[in-house]
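To start, the structure under review is shown below, and the notes come after it.
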Amino acid sequence: MAQPQTAITPTRVEDYPEWYQQVVRAADLAETSPVRGCMVIKPWGYALWENIQRSLDAMFKATGHKNAYFPLFIPLSFLEAEAAHVEGFAKECAVVTHHRLEAGPNGKLVPTGKLEEPLVVRPTSETIIGDSFSKWVQSYRDLPLLINQWANVVRWELRTRLFLRTAEFLWQEGHTAHASEAEAREETMRMLSVYAEFAESYMAMPVIQGEKTAGERFPGAVDTYCIEAMMQDRKALQAGTSHFLGQNFAKASNIKFQSEQGREELAWTTSWGVSTRLIGALLMTHSDDDGLILPPRLAPTQIVILPVLHKEETKAQVLEYCHKLVAELRNVHYHGRPLEVELDAREGRGGERTWEWIKRGVPVRVEIGPRDIASDSVFLARRDLGVKEKSSMPRQQFVSYAARILEEIQTKLYDRARDFRIANTKKIDKKDDFYAYFTPKNADKPEIHGGFALAHWNGDPAIEAQLKNDLNVTIRCIPLTPEKAGDSGLHTGAAPRGLDPLFAEATPGTCPFSGKASPRRVGFAKAY
RNA sequence: CGGGGCGUAGCUCAGCCCGGCUAGAGCGCCUGGUUUGGGACCAGGAGGUCGCAGGUUCGAAUCCUGUCGCCCCGACCA
């Protein structure tokens with residue numbers, strides 16, 4: 023069989039969306055299910071999600087939040103309570119109307135037992151959690167109330183893509199209630215910065231923190247903030263959101279408290295979430311034409327040991343050496359945890375076994391055969407380097423350097439993604455230039471084009487609508503300035519991070535679309 | 001929801017226009033053997049209500065009608 027140039031066909035350049043699907047499959051992350059629009063998350067993909075969960079959960083706890091769990095079903099009347107909220111979600115709700123099945127004709131089952139009030143499968147939980155909050159909060163002494171839940175939600179999507187948009191997905195939703203507007207706003211920004219910190223330090227994915235325009239706001243929110251990342255096709259992907267909900271949901275759910283002065287007041291609430299979409303973001307940030315590339319801090323397996331077991335007479339010796347190495351490595355700590363090491367001793371699979379791990383994105387592969395044992399060394403391959411760039415290293419040295427090598431990969435992935443974003447971000451001052459930037463040269467089969475554009479905008483929603491219509495380009499966010507940005511108070515970073523000064527700059531100018539005055543540049547891009 | 005396409009082995013598909021032996025290929029899977037510092041080779045084998053229902057016909061994967069499902073492109077969205 024002719025060996026293909028790359029493990030994944032087509033390549034990113036040839037057909038990006040198809041490449042994405044192939045990587046999901048080749049890395050064994052997930053597959054489609056018999057239920058339209060829903061996915062089966064396979065063990066490798068779910069292990070990745072568990073790592074994301076564990077890291078984020080620790081950050082939520084460190085910022086004072088507690089986990090709880092609320093019902094999957096939301097009474098229709100709850101959802102109706104907030105006008106903008108209903109309107110935003112009404113078109114994509116799964117509704118439960120019956121509670122029993124009976125044998126019908128032809129051996130089929132038919133639903134019976136109609137419910138008095140239909141139940142909506144949660145698309146998000148503001149209203150049902152608000153109902154609990156209204157009972158839990160009576161005094162200013164009960165505030166702030168800082169709750170998070172890990173859950174699944176359903177949004178009945180018509181066009182779906184694994185991880186990026188599915189009818190059911192896994193996520194976390196934080197819900198908090200506060201005594202003052204200032205405190206709720208501070209919480210909103212803090213959690214946005216927690217997301218930014220997680221994206222950059224764990225996912226090695228640089229993000230822009232910013233505020234959404236009115237048109238892109240969460241239904242029912244006063245202000246919506248987001249982190250936006252650039253994928254390798256130069257499109258933007260919203261990776262997390264944090265909402266300042268004002269008193270809208272407190273009003274709808276009747277969350278009231280008695281203040282220090284004895285007055286009855288409405289609470290101020292926030293909500294914030296990230297989902298399994300992060301896995302899609304991770305994939306499209308780092309992966310190459312040989313498959314997935316995982317940042318070491320989130321990789322379910324950080325180092326895989328691949329013994330060379332071809333000769334019967336050396337087999338036992340090789341395996342013993344490998345088991346010893348695994349034990350040694352598991353005593354090493356990386357980023358506060360023992361190394362995740364896997365020994366793949368499957369036989370007779372030739373290079374295919376190696377390629378399987380390449381496609382799954384394991385950061386470090388170690389190959390060990392009789393020759394290496396003779397020199398007490400290991401043969402090392404890094405996923406961030408070329409397939410052929412392998413090198414030998416004394417075993418002792420490898421064991422003591424292992425954590426350092428992983429951190430080097432972690433940093434390199436971040437730097438590479440950041441450099442890519444910088445290279446594909448452009449300040450644009452003329453309408454023609456803007457249109458040219460976002461127009462592919464080949465209209466029939468559009469090539470990867472565009473990127474992020476920083477352009478002035480006078481704040482008129484009609485311009486947003488026009489650009490969306492003409493180019494399918496939207497304002498991804500109004501980037502935060504250092505004064506506005508929150509502080510997670512957590513310092514987990516692998517490298518200096520923070521607001522990109524290019525985006526954070528907020529000097530006035532002229533809107534190229536209207537000719538009117540603009541307070542500052544905003545970030546435009548095509549988006550997922 | 002509008003436009004287009006496709007349902008044949010676990011997967012990717014050929015066969016259909018022009019109806020005709022027991023429905024095929026590649027990959028994957030199982031067994032045995034040969035290999036082995038890198039996606040190996042040979043031999044044998046298992047596996048299919050041709051999406052479903054009806055019709056035309058001596059005979060349907062193939063033609064007709066209906067139906068269900070999926071994919072792609074638009075509109076909408078984390």
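Take the position in the first sequence, starting the count at 1, then add 22; the result is the number in this note's numbering.
Here a beta-carbon is modelled for each residue, glycine too, at the ideal position from N, C-alpha and C.
Fair warning: this is a prediction, and the values are worked out from it, not measured in the lab.
Review point. How should residue 414 be labelled, buried or exposed, when 16 other C-beta atoms within 10 angstroms of its C-beta is the threshold for buried?
Key: exposed
**Study point:** Rounded straight-line distance, which links the Cα of residue 311 to that of residue 145
**Key:** 35 angstroms
Review point. Which residues does DSSP pair with residue 170 in a beta bridge?
Key: 89, 196
**Study point:** Which listed residue (504, 163, 347) has its alpha carbon closest to that of residue 390
**Key:** 347
Practice item. Please say whether residue 293 and residue 214 have beta carbons closer to each other than 8 angstroms? Key: At the C-beta level, residue 214 and residue 293 stay beyond 8 angstroms of one another.
Point to revise | For residue 253, the three-state DSSP class (helix, strand or coil) | key: Residue 253 carries a coil assignment under DSSP once its states are collapsed to helix, strand and coil.
Point to revise | For residue 29, three-class secondary structure by DSSP | key: Three-state DSSP puts residue 29 in coil, outside helix and strand.
Review point. With distances taken from CA atoms, which of 273, 360, 431, 393 is nearest residue 387?
Key: 431
Exercise for review: Could you say if the segment 358 to 370 and the segment 310 to 329 meet the contact criterion of at least three C-beta pairs nearer than 8 angstroms?
Suggested key: yes
Practice item. Mark residue 320 as exposed unless 16 or more other C-beta atoms lie within 10 angstroms of its C-beta, in which case mark it buried. Key: When all chains shown are included, residue 320 counts as buried.
Exercise for review: Report buried or exposed for residue 532, applying the criterion of at least 16 other Cβ atoms within 10 angstroms of its Cβ.
Suggested key: exposed
Point to revise | Own chain partners of residue 282 with C-beta closer than 7 angstroms, once the 5 adjacent residues on each side are dropped | key: Only residues of its own chain outside the window of five on either side were considered, and among them 162 have a CB closer than 7 angstroms to the CB of residue 282, listed in chain order.
Point to revise | For residue 256 and residue 70, the rounded distance between their alpha carbons | key: Taking C-alpha positions only, residue 70 is separated from residue 256 by approximately 24 angstroms.
Exercise for review: Using alpha carbons as the reference points, say which of 196, 118, 188 lies closest to residue 88.
Suggested key: 196
Review point. Taking all protein chains shown into account, do 16 or more other C-beta atoms lie within 10 angstroms of the C-beta of residue 548, making it buried, or fewer, making it exposed?
Key: buried
Point to revise | For residue 362, three-class secondary structure by DSSP | key: coil
**Study point:** Residues bridged to residue 317 (per DSSP)
**Key:** Looking at the DSSP assignment, residue 317 forms no beta bridge with any residue, so it has no partner.
**Study point:** Close-in-space but distant-in-sequence residues of the same chain around residue 96 (CB under 7 angstroms, 5 per side omitted)
**Key:** 141, 142, 144, 149, 150
Check your understanding: Hey, how far is the Cα of residue 489 from the Cα of residue 373?
Key -> 49 angstroms
Practice item. Provide the residue(s) that pair with residue 389 in DSSP beta bridges, ordered along the chain. Key: 328, 401
**Study point:** Sequence-distant residues of the same chain with beta carbon closer than 7 angstroms to residue 4, five excluded per side
**Key:** The structure shown does not extend to residue 4, since the chain is modelled only from 23 through 550, so no value can be given for it.
Practice item. Compute the Euclidean distance between the alpha carbons of residue 454 and residue 461, then round it to the nearest angstrom. Key: 11 angstroms
**Study point:** Exposure label - residue 91; buried when at least 16 CB within 10 Å
**Key:** exposed
Check your understanding: In angstroms, rounded to a whole number, what distance separates the CA positions of residue 379 and residue 522?
Key -> 34 angstroms
Practice item. Answer yes or no: do residue 139 and residue 202 have a C-beta to C-beta separation smaller than 8 angstroms? Key: No, the pair does not count as a contact, with Cβ atoms beyond the cut-off.
Practice item. For residue 35, count neighbouring Cβ atoms within 10 angstroms of its own Cβ and tell me buried if that reaches 16, exposed if not. Key: exposed
Exercise for review: Could you tell me the boundaries of the alpha helix (DSSP H) in which residue 373 lies?
Suggested key: 373 to 382
Exercise for review: Run the CB neighbour count on residue 355, radius 10 Å, all protein chains shown included, and call it buried at 16 or more, exposed below.
Suggested key: exposed
Practice item. Under the assumption that residue 230 contacts residue 420 (Cβ atoms under 8 angstroms), give the Cβ distance between them as a whole number of angstroms. Key: Not quite, the Cβ-Cβ distance comes to about 38 angstroms (not below 8 angstroms), so this is no contact.
Check your understanding: So, using beta-carbon positions, are residue 298 and residue 442 closer together than 8 angstroms?
Key -> Not closer than 8 angstroms, so no.
Review point. Relative to the C-alpha of residue 559, which residue among 285, 225, 274, 248 is closest?
Key: Beyond the ends of the chain as shown, which are 23 and 550, falls residue 559; an answer cannot be given.
Review point. In three-state DSSP terms, what is residue 231?
Key: strand
**Study point:** residue 296 classed as buried or exposed, judged by whether at least 16 other C-beta atoms fall within 10 angstroms
**Key:** buried
Practice item. Please classify residue 57: does DSSP put it in a helix, a strand, or coil? Key: DSSP, reduced to helix, strand and coil, places residue 57 outside both helices and strands of the structure shown, so it counts as coil.
**Study point:** Presumed contact (8 angstroms Cβ cut-off) between residue 29 and residue 377, rounded CB distance
**Key:** 6 angstroms
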